[in-house]
């Protein structure tokens with residue numbers, strides 16, 4: 175679709191121009207892993223005082239948030255189609271980090287995904303209150319190619335920095351360079 179069709183909505187355009195899930199672009203390191211919610215676990219570990227593991231039920235029991243956000247691929251050319259808007263539902267990441275209590279020497283975070291993809295971030299970026307774990311897209315469970323059962327959102331970063339199928343948040347003491355970094 176063309177963004178120009180939504181210009182009359184001004185700064186509310188992204189709230190109107192929602193991309194249907196089936197039309198939302200998808201880019202991945204490899205193939206889409208097929209994960210079952212009953213088997214999925216999210217580990218928060220590494221340089222933390224209180225490692226924790228969440229089940230999918232645990233994730234859904236956390237306070238929910240909804241955000242209209244644009245996601246864009248770093249490879250999107252001018253007038254490209256690797257961009258979309260959706261209503262994402264999830265839970266804030268910061269309270270989970272606080273529960274794990276990163277140790278003083280934890281300076282970076284590695285986000286691991288079920289497909290073998292990983293991305294590194296400075297701890298200061300992960301502490302941002304805007305970050306969250308998404309489990310729904312446009313009111314339904316995340317489609318498998320968009321990260322079911324959960325993906326990380328770090329608003330303001332390209333998709334490659336926000337792993338789908340997230341399974342581990344690891345706190346480390348040095349910079350980590352991931353697959354596309």
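Numbering (my numbering), first residue to last: 175 to 355.
Glycine residues also receive a C-beta, built at the ideal position from the N, C-alpha and C atoms.
What did DSSP end up calling residue i once you bin it into helix, strand or coil?
{"i": "residue 181", "result": "helix"}
{"i": "residue 225", "result": "coil"}
{"i": "residue 219", "result": "strand"}
{"i": "residue 197", "result": "helix"}
{"i": "residue 259", "result": "strand"}
Is it buried or exposed, residue i, if we count other Cβ atoms within 10 angstroms and call 16 or more buried?
{"i": "residue 349", "result": "exposed"}
Start and end of the alpha helix (DSSP H) containing residue i?
{"i": "residue 331", "result": "Element bounds for residue 331: n/a, residue is neither H nor E."}
{"i": "residue 268", "result": "268-274"}
{"i": "residue 297", "result": "297-300"}
{"i": "residue 307", "result": "Counting along the chain, residue 307 falls outside any alpha helix (DSSP H), though it belongs to the beta strand (DSSP E) covering 306-311."}
{"i": "residue 368", "result": "Nothing can be reported for residue 368, as the shown portion of the chain is limited to 175 through 355."}
What are the boundary residues of the beta strand (DSSP E) that residue i is part of?
{"i": "residue 356", "result": "Absent from the model: residue 356. The displayed extent of the chain is 175 to 355, so no value can be given."}
{"i": "residue 343", "result": "340-346"}
{"i": "residue 287", "result": "282-287"}
Measuring only from the beta carbon, is residue i closer than 8 Å to any heavy atom that is part of the ligand ATP?
{"i": "residue 279", "result": "With respect to small molecules bound, the structure shown includes none, and the ligand ATP cannot be examined in it."}
Quiz item: Are the segment 324-338 and the segment 259-270 touching by the rule of at least three beta carbon pairs closer than 8 Å?
Solution: Touching, yes, given that three or more Cβ pairs across the two stretches are closer than 8 Å.
Quiz item: Can at least three beta-carbon pairs, one atom from the segment 209-228 and one from the segment 337-345, be found at a separation below 8 Å?
Solution: yes
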